[in-house]
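2 protein chains.
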Amino acid sequence: MAQKPSIPKGTRDFSPVEMMRRNYIFDTIKSVFRLYGFAPLETPSMENLSTLLGKYGEEGDKLLFKILNSGDYAANLSDEEVRQASKISEKGLRYDLTVPFARYVVQHQNEITFPFKRYQVQPVWRADRPQKGRYREFYQCDVDVIGTKSLLCEVELVEIVERVFKALGIRVALKMNNRKILYGIAEVIGHADKMMDITVAIDKLDKIGLDNVKAELRERGLEEAAIEKLQPILELQGTNAEKIATLRTVLAGSETGLLGVDEMETVFNHVEALEIDLLVELDLSLARGLNYYTGAIFEVKALDYQIGSISGGGRYDNLTGIFGLQNVSGVGISFGADRIYDVMLGCGLFPEELNSSTRAIFLNLGDDAEKVSLKLLRELRAEGLAAEIYPEPAKMKKQMEYANRRQIPFVVIIGTEELQMEMATIKNMVSGEQQKVAFSRLAEMLK
Amino acid sequence: MAQKPSIPKGTRDFSPVEMMRRNYIFDTIKSVFRLYGFAPLETPSMENLSTLLGKYGEEGDKLLFKILNSGDYAANLSDEEVRQASKISEKGLRYDLTVPFARYVVQHQNEITFPFKRYQVQPVWRADRPQKGRYREFYQCDVDVIGTKSLLCEVELVEIVERVFKALGIRVALKMNNRKILYGIAEVIGHADKMMDITVAIDKLDKIGLDNVKAELRERGLEEAAIEKLQPILELQGTNAEKIATLRTVLAGSETGLLGVDEMETVFNHVEALEIDLLVELDLSLARGLNYYTGAIFEVKALDYQIGSISGGGRYDNLTGIFGLQNVSGVGISFGADRIYDVMLGCGLFPEELNSSTRAIFLNLGDDAEKVSLKLLRELRAEGLAAEIYPEPAKMKKQMEYANRRQIPFVVIIGTEELQMEMATIKNMVSGEQQKVAFSRLAEMLK
């Protein structure tokens, strides 16, 4: 077999260094989730196609990875049947974590204690055309609470955003809006029926600019007068409190709109009272594409790195309705691990220590030293110190090179002299400094 | 949609309590791997079918989950082509972590620093008939070092087994054997060519007993005299040292066999010198089915719970040969997370604390208390204490029930009296005891 093996397009291997960085992100996010009382959940990679199909729009259906039925799936079928994918495939890989979560909640509704606070960190698969930054397999980190309408949950998510990005060292802004306000705006400009059209159009404001959004609104059937009314709302300036005050006037004619304004005000008041150290901004141009949102919506942007949003989410009042369980409100947010990774790499935010989980490596200088080294290693590991020994008595240079390439910070050398003195030479691989240390003090020195 | 949703046969949802227990196992195993200098690796869930096919035998090929090519895969194909799975599927879900690891090593051989110490904890998929204890999606926890023949690696794996199961509280025995010894035995009974037949037969000794193994050996073409010679070897009694001594005599005519004896002796000597606190037993009936092993083989059995082996592995001299990279020796072991879970559950070994990651929940007794609670919660979380508040001012009974069902150990109550006194009542949910604590001392008391 001469051909070098490869992996499918759009998928990735993660090397040890990449994994340690990724785990740092995942571990940080998960530990914050746990601080707020969220508990882990995992669902299978495969779902029945009946669970997945029709949940992500026509485009989404095409992006599902389908799994061939096992066994002689094609042997007893007519040609026509083989051509119908449903006869040869009944399962698909999950496309996101939201639909499986909704499916789980409905399936296990009698065992679950509501409000149900869960987090889920697992890969999802999309048969998208692979391109820079877009993969066919990638992780999502979702946190949701379902079974309560309390706005404390929104406040909690704001705190989670604050704490996650502070822990990672990324400066961010949290943009918020509310679908009820968007509905209110549609209502007061006389187009309550076109709420989704308006939402889809203004969602593009960031990307295509105001003029193109106006053009799209025209295409979607809004007359010039309505577009005129919309513009000043989208361009609303000032503090959150000032925007809230203006909206109260503008939306006076829309009950739903005013409800949205009240919700946002409550959240902002809590954010202020708790002195949450995060830039939280009411952004009326924020719409988010997913149409199951019904209340608050969130999006997080990195301040020091050009990239799309690195987290997003919102409240949905009827997510489980698609599986027959009506009127269970929830709210959640998803952290984009791949983009967060890119921001951290771009801004140099990964801690140096992540390059090696091993603290020290013992050189292998022959049988006698090896025996002593193995015993010392046992003691170090008992103290929780990650350490290893080069497995063969190779040339010193080769062993040092190995330590260097693995980026292990300390090398422990036990030669003939050291053996006699019951001391080890420790070499700091960054500074190059060496010092002799008694065997008994090795753990203490390496910590 | 009236029908309750479900998941594919042989797959599982993991509830929060199950997840916290599973994570406890995974975290313990991974932290031991890291103590020994192993670094994490992840490979994609999908591999090209050319990578997977032919690596697991004819039976294994049938158990691969194949993924339909995306797009209009069937539209432009003839009926004949559609029937050839290769035209409609080019990717499959990984079947184990070993073949993807071998593929990774070959593909990235120029970037890898050998000896390469990696661990990998990811799910694998097999289209097996689902039954009790056998799933179509399950996790493997593999640890391997590749690129050295040093027996220190075997010793390290023995230590890892010792430390993992000690940390989990499971009493185990490690059974070891060596493929070179098995070859030597085949050689001295005059059937070097039948080494695999003999291996496969004696691998079943545990399950079907000596008489049936003999019958199978007869079927596989061994004459009575050879079987007679084999029996005392399989039934060898005594300490490891005694068995080693006997084998030296028995295998005097086999160079390979003696090499295997030397290898085992070296490992056992290290185990003794290091005072490894683990029952390590040379078991000549241990064969392990996978035919890529060429040296030491391992298997771990739980002493207090009836179940198959809970870990297993061995040395392979040419794993990467299937992808064109010859003569790279490695050794590894895989921990069976599902079985370990069953043992821990059966023996009651999961720590009580795992039932809830939340330490305390604040009851929600109305607006004023809520505001104070949110501030206190912020302080607790800043101290690393996982805590939450019931999101709505529901009936006290309902909130207490919630705390109970979530198995949260402490409930914090801030009523009108407590508000005035700036104190909180803490209720221990296990003992039922209550005490009043100043707000400022809350973190300290809950720790």
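Those protein sequence lines, which keep their order, are chains A and B. The opening residue of the first sequence carries number 1 in the numbering used here; numbering runs sequentially from there. The opening residue of the second sequence carries number 1001 in the numbering used here; numbering runs sequentially from there. Even for Gly, the Cβ is constructed at its ideal location relative to N, Cα and C. In this text, all values refer to a predicted model and were calculated from it rather than measured experimentally.
- Within the region 275-287 of chain A, no residue has a Cβ lying closer than 8 angstroms to any Cβ of chain B.
- Glutamine 107 (chain A) belongs to the set of residues whose beta carbon lies under 9 angstroms from a beta carbon in chain B.
- DSSP places glutamine 1107 (chain B) in the helix class (H, G or I) of the three-state scheme.
- Residues are counted here when their Cβ sits less than 7 angstroms from a Cβ of chain A; for the region 1157-1178 of chain B the count is zero.
- Residues of the region 1029-1040 of chain B with a C-beta less than 7 angstroms from any C-beta of chain A: Arg1034, Leu1035, Tyr1036, Gly1037, Ala1039 and Pro1040, listed in chain order.
- If you check the CB distance, alanine 302 (chain A) and valine 343 (chain A) come in under 9 angstroms.
- For a Cβ distance threshold of 8 angstroms, residue set Pro391 of chain A lies close to cysteine 1153 (chain B), ordered along the chain.
- Rounded to whole angstroms, the Cβ separation of glutamate 1388 (chain B) and threonine 1425 (chain B) is 17 angstroms, and the two are not in contact under 8 angstroms.
- As the crow flies, the alpha-carbon of valine 105 (chain A) is around 7 angstroms from that of threonine 320 (chain A).
- Isoleucine 29 (chain A) sits away from cysteine 153 (chain A), with the two beta carbons spaced by 9 angstroms or more.
- Counting only residues of its own chain and dropping the five nearest sequence neighbours on each side, alanine 1241 (chain B) has a CB closer than 8 angstroms to the CB of Phe1268.
- Secondary structure of threonine 1249 (chain B) (DSSP, three-state): helix.
- Rounded to the nearest whole angstrom, the C-alpha separation of lysine 1149 (chain B) and alanine 1039 (chain B) is 19 angstroms.
- Residue-level contact check: proline 44 (chain A) touches chain B, since one or more beta carbons of chain B fall below 9 angstroms from its beta carbon.
- Residue pairing from DSSP places isoleucine 413 (chain A) in a beta bridge opposite A:Thr425.
- Short of 7 angstroms from the beta carbon of isoleucine 1112 (chain B), and not among the five residues preceding or following it, lie these beta carbons of its own chain, in chain order: Val1105.
- The C-beta distance from glycine 1336 (chain B) to isoleucine 1310 (chain B) rounds to 5 angstroms, short enough to meet the 8 angstroms contact threshold.
- At a cut-off of 9 angstroms, the C-beta of serine 150 (chain A) has a neighbouring C-beta in chain B.
- Lysine 1117 (chain B) has B:Val1145 as its beta-bridge partners, per DSSP.
- If you look at arginine 1022 (chain B), you'll find it in the alpha helix (DSSP H) that goes 1016-1035.
- The bridge partners DSSP lists for serine 1334 (chain B) are B:Asp1142 and B:Gly1312.
- Interface residue (Cβ-Cβ distance to chain B less than 9 angstroms): serine 89 (chain A) is classified as such.
- Comparing alpha-carbon positions, the option among A:Arg179, A:Ala394, A:Pro44 and A:Val143 lying closest to leucine 286 (chain A) turns out to be A:Arg179.
- For leucine 374 (chain A), the nearest beta carbon of chain B is closer than 9 angstroms to its own beta carbon.
- Serine 1329 (chain B) sits buried, since 16 or more C-beta atoms from the chains shown fall within 10 Å of its C-beta.
- Under the Cβ distance rule, asparagine 240 (chain A) does not count among the residues neighbouring chain B, no pair being separated by less than 9 angstroms.
- DSSP lists B:Lys1175 and B:Gly1312 as the beta-bridge partner residues of glutamate 1299 (chain B).
- The C-alpha of lysine 1004 (chain B) lies about 39 angstroms from the C-alpha of aspartate 283 (chain A).
- Leucine 93 (chain A): member of the beta strand (DSSP E) spanning 89-93, first to last residue.
- Against chain A, the CB of leucine 1385 (chain B) has a partner CB under 9 angstroms away; the residue lies at that interface.
- Interface criterion not met: the Cβ of methionine 264 (chain A) is under 9 angstroms from no Cβ in chain B.
- According to DSSP, glutamate 388 (chain A) shares a beta bridge with A:Ile361.
- Considering only beta carbons, the part of the region 53-69 of chain A lying closer than 7 angstroms to chain B consists of Phe65, Lys66, Ile67 and Leu68, in chain order.
- Within the same chain, and ignoring the five residues on either side of glycine 366 (chain A) in sequence, the residues whose Cβ sits closer than 8 angstroms to its Cβ are Pro393.
- Secondary structure of arginine 406 (chain A) (DSSP, three-state): coil.
- Interface annotation, leucine 1093 (chain B): in contact with chain A, CB-CB separation under 9 angstroms.
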